[in-house]
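Worksheet for the structure shown next.
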Amino acid sequence: MHVLLNDEETMLADSVFGQAVELGATGTEALQHHDDRRLWQGLATSDVLSLGLSEDFGGFGTLTDAAIAAMALGRALAPVPYLGCAILPTQLLASTGGSLGLVDDLLSGARRVAVGIDPNTNELASESSARAIAWDCAGADAALVLDGDGSGRLVAVGLESLGQDLDLTRQSRRCALETRSLVVGLEDQTKGLTGSALTRWNALALAMVSADMAGVMDGALALAIEHVKTRHQFGVPIGTFQALQHLLAEQHVSLEGARATTLYAAWALDKRPEDAVSAAHTAKAYCSEHGKRLCEAVLQVHGGMGVTWECLAHVFLKRVLFDRAVLGDERHHLRAIAAMQRASGRKGDAGGL
Amino acid sequence: MDYDDSPQEANFRTNLRAWLEENRPEPPPPLWETAATHEYKTKWLSKLYDGGWVGLSWPVEYGGQGLSPLYEAILNEELGAAGVPNAASSVGFLGRAIVAYGTETQKREFLPPLLRGESSWCEGFSESEAGSDLASLRTFAEQRGDVYVLNGQKLWTGGAQFADRCLLLARTDRNVPKHQGITSFILRMDSPGVTVRPILQAWGGSRFCEVFFDNVEMPVEDRLGDEGKGWELATVVLAYERGPTELGIVATHRGELRRLSAGLLENDTAADEAFARAWIAVEACRLHLLESLTRRSMGEAPGPSSSVGKLLMIRAEQKIGTLELDSSDVKAITGEDRQASTRYVWARASSVYGGAEQIQKNIIAQRVLGLPRQ
Numbered sequence: 001m002h003v004l005l006n007d008e009e010t011m012l013a014d015s016v017f018g019q020a021v022e023l024g025a026t027g028t029e030a031l032q033h034h035d036d037r038r039l040w041q042g043l044a045t046s047d048v049l050s051l052g053l054s055e056d057f058g059g060f061g062t063l064t065d066a067a068i069a070a071m072a073l074g075r076a077l078a079p080v081p082y083l084g085c086a087i088l089p090t091q092l093l094a095s096t097g098g099s100l101g102l103v104d105d106l107l108s109g110a111r112r113v114a115v116g117i118d119p120n121t122n123e124l125a126s127e128s129s130a131r132a133i134a135w136d137c138a139g140a141d142a143a144l145v146l147d148g149d150g151s152g153r154l155v156a157v158g159l160e161s162l163g164q165d166l167d168l169t170r171q172s173r174r175c176a177l178e179t180r181s182l183v184v185g186l187e188d189q190t191k192g193l194t195g196s197a198l199t200r201w202n203a204l205a206l207a208m209v210s211a212d213m214a215g216v217m218d219g220a221l222a223l224a225i226e227h228v229k230t231r232h233q234f235g236v237p238i239g240t241f242q243a244l245q246h247l248l249a250e251q252h253v254s255l256e257g258a259r260a261t262t263l264y265a266a267w268a269l270d271k272r273p274e275d276a277v278s279a280a281h282t283a284k285a286y287c288s289e290h291g292k293r294l295c296e297a298v299l300q301v302h303g304g305m306g307v308t309w310e311c312l313a314h315v316f317l318k319r320v321l322f323d324r325a326v327l328g329d330e331r332h333h334l335r336a337i338a339a340m341q342r343a344s345g346r347k348g349d350a351g352g353l
Numbered sequence: 001m002d003y004d005d006s007p008q009e010a011n012f013r014t015n016l017r018a019w020l021e022e023n024r025p026e027p028p029p030p031l032w033e034t035a036a037t038h039e040y041k042t043k044w045l046s047k048l049y050d051g052g053w054v055g056l057s058w059p060v061e062y063g064g065q066g067l068s069p070l071y072e073a074i075l076n077e078e079l080g081a082a083g084v085p086n087a088a089s090s091v092g093f094l095g096r097a098i099v100a101y102g103t104e105t106q107k108r109e110f111l112p113p114l115l116r117g118e119s120s121w122c123e124g125f126s127e128s129e130a131g132s133d134l135a136s137l138r139t140f141a142e143q144r145g146d147v148y149v150l151n152g153q154k155l156w157t158g159g160a161q162f163a164d165r166c167l168l169l170a171r172t173d174r175n176v177p178k179h180q181g182i183t184s185f186i187l188r189m190d191s192p193g194v195t196v197r198p199i200l201q202a203w204g205g206s207r208f209c210e211v212f213f214d215n216v217e218m219p220v221e222d223r224l225g226d227e228g229k230g231w232e233l234a235t236v237v238l239a240y241e242r243g244p245t246e247l248g249i250v251a252t253h254r255g256e257l258r259r260l261s262a263g264l265l266e267n268d269t270a271a272d273e274a275f276a277r278a279w280i281a282v283e284a285c286r287l288h289l290l291e292s293l294t295r296r297s298m299g300e301a302p303g304p305s306s307s308v309g310k311l312l313m314i315r316a317e318q319k320i321g322t323l324e325l326d327s328s329d330v331k332a333i334t335g336e337d338r339q340a341s342t343r344y345v346w347a348r349a350s351s352v353y354g355g356a357e358q359i360q361k362n363i364i365a366q367r368v369l370g371l372p373r374q
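The listed protein sequences derive, respectively, from chains C and L.
Under the numbering used here, the first sequence has 200 at position 200, and the numbering climbs by one with no breaks.
Under the numbering used here, the second sequence has 296 at position 296, and the numbering climbs by one with no breaks.
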């Protein structure tokens, strides 16, 4: 047992964070007019887009690595669709056994395709869903959803604008389920996506979105700590006030809980599949609930500054709200956990993959 | 990251499970039967000792096995999962003080009986005016020749009514800053002038006591460590109070949650959410503790971040306590389900003992986050 990042994992976290800070955007003004291609290309070149994918598809490293990279990008508020246009679609394509050419294009950064989520079921959408949203789809020209014929094959559909996204760092679009996209070549889908492959992909998606939230929480809390050390009122730094110390200590505890549940969820996908689904629900419920609370507290400690457009507090908060909404908020996952425990109490089944 | 047991750890776990299968004790008496609970735990501790499961991470020369603290954690995790008491907690952290500060003679005299469960120890730290502000303690030990003469009183001394030894903190110098005037002693509880008065607590049992000292004579050789080193020793003991044993508590909580999940009804979303909030709180605590244990197994001393584990534990315990209360319907209130009401009230104490929740937050704010002191 070694429940700590090893040296390579620590280096990965530092290098992805460093890359995001160097090539990404800081400040609200820059984020709104940001061209994300340099950072995207940088992540492709350093194989960060390929993390956790099977080597047969040109992948590299583990899903734990992918989660560590996602945390670093969340912490840096990186305005790139790492999950929506790299990890989630490539993992989905790989589980059909085909479309190597498209996977290649996605990993090299040459093109971007997103995935469609049904907001009613919080699972991968199909053409027959009432509604589907492509989350985190900046730069994508299509989204993958299940064929409406029930075969478990993937099809690509077009994207339509929904409005101005709340999150300043990511985008969402409506999937035009009635129009198949002809621009995406999906070939050799030897394996239809069965129940267990979809279950695994869903758990993977939950772990990765949780990782983004854990990273956002880390970055947001660091911002607040810096602020209370430097902002003076009544002649002293406001960080000397116990009310603020306790509020921030509480948030630090939540951050540690978020990191712990998230890293385990990612690792379970790599090494302990029988526990992966439960761990994914746990991480998504934990990070959604505590991530929102933490970012609200960060906004609060900034006082009037915290509710200005210029201060990054609302950018962290909105990114967490985006992640919280993707694939279901804490209430959805809390109920899923209770349902799994009820079922395992009856059948002695742990509810794994 | 690696949450899997190493081959040695896995082997240890397998052997332990097989032993537990053979040696499972009767179910424990109800929590509020304090004396019966103590007797039960003492018996269980000596059975564990005979099985070779006590003192795993202690030095070999004092009856231990010299293993990494991860083995203590596995032991406690398996004991908790098997629903049997984790009897070795005080042995772990009080013994740690003797290992770290004791003379050779003290180690040889006190450690083996502590391990075997033949000797029962209590921790005489807190006083009525020195709880969260422990360094303000006033119990005074004055050296007169080859004895120290002890006067004062302790409060919240757990298990003092059953203990034959007390790891005691007393002031030996009133003329230096408060942290520097404290010294640690090993007090023999049968010394003339020691009076123990159990405190009946809100949950109906007496886990804690008041202890009074009236001109109690302690031989100089029962001082533990140098004069003035008591505060440093207390810091070590309090940090070790958490750690491996907490994983056992978490495993017990997982068992409780499994039991409570059986009572969840279909279509009661509010109850489902309350249950799952307790579940995720327990998981966060468990997974964070594994991280702390890994750090400890690498030789890192427990530091201020152990307060994070304590706060995660408080959150988990109090959510479970409330879940017990609410899922008993009205039975906890009417007296039909005393187990549920006891567990609930006991869980409220978790944010008080071992350093109150607010003190833990001060520690995190100032020593982990680096916020300025006033």
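Idealized CB from N, CA, C, for every residue including glycine.
Since the model is a prediction, treat every value here as computed from it, not as a measurement.
Item	Value
Host beta strand (DSSP E) of S172 (chain C) (start-end)	S172 to R180
Cutoff 9 Å: C285 (chain L) Cβ touching any chain C Cβ	yes
Buried/exposed call for A94 (chain C), threshold 16 Cβ in 10 Å	buried
Boundaries (first-last residue) of the beta strand (DSSP E) holding T183 (chain L)	I182 to R188
Under the three-state DSSP convention, the category F213 (chain L) falls into	strand
Run of the alpha helix (DSSP H) containing P69 (chain L), from where it starts to where it stops	P69 to A81
Contacts that T294 (chain L) makes with chain B (C-beta to C-beta distance below 9 Å)	Looking for chain B here will not work: the only protein chains present are C and L.
Top-ranked residue by Cα proximity to D118 (chain C), from C:W135, C:S108, C:D104 and C:A110	C:W135
Simplified DSSP state of A134 (chain C), which is helix, strand or coil	strand
Under 9 Å between C-beta atoms of G66 (chain L) and V60 (chain L)	yes
Cutoff 9 Å: E274 (chain C) Cβ touching any chain L Cβ	no
Where R259 (chain C) falls, given that 16 or more other Cβ within 10 Å makes a residue buried	buried
Run of the alpha helix (DSSP H) containing A113 (chain L), from where it starts to where it stops	Looking at the sequence shown, residue 113 (chain L) is not Ala but Pro. Start and end: E104 to R116.
C-alpha distance - L159 (chain C) paired with L299 (chain C), whole-angstrom precision	33 Å
Coil, strand or helix - G158 (chain C) by DSSP	strand
Selection from L:S206, L:E109, L:L323 and L:L79 that minimises the alpha carbon distance to I249 (chain L)	L:L79
Alpha-carbon spacing of T121 (chain C) relative to A249 (chain C), whole angstroms	36 Å
Beta-carbon separation (whole angstroms), L168 (chain L) vs L187 (chain L), contact threshold 8 Å	5 Å
Contained beta strand (DSSP E) runs [length at least 3] in the region 145 to 173 of chain L, N- to C-terminal order	147 to 158 and 165 to 171
Closer than 9 Å to chain C by CB, Y40 (chain L)	no
Assigned exposure category for D146 (chain L) - 16 Cβ within 10 Å defines buried	exposed
For A143 (chain C), the first and last residue of its enclosing beta strand (DSSP E)	A143 to L146
Closest Cα partner of H38 (chain L) within the set L:G117, L:G299, L:R13 and L:F12	L:G117
Anticipated Cβ contact below 8 Å, A284 (chain L) with Y286 (chain C), distance rounded	6 Å
Listed by chain order, chain C residues near A82 (chain L) by CB distance under 7 Å	Here the premise fails: no neighbours, minimum Cβ distance about 16 Å.
Selection of the region 201 to 229 of chain L by Cβ proximity to chain C, strictly under 8 Å	none
Proximity of V216 (chain C) and V308 (chain L) at Cβ, strictly below 9 Å	no
Counted within 10 angstroms of its Cβ, other Cβ atoms place P7 (chain L) as buried (16 or more) or exposed	exposed
Cβ neighbours of D323 (chain C) in the same chain (closer than 6 Å, five flanking residues each side left out)	V209, D212 and M213
Through-space distance from G355 (chain L) to S132 (chain L), alpha-carbon basis	6 Å
When L:E232, L:S128 and L:R286 are compared against H179 (chain L), the one with the closest alpha-carbon	L:E232
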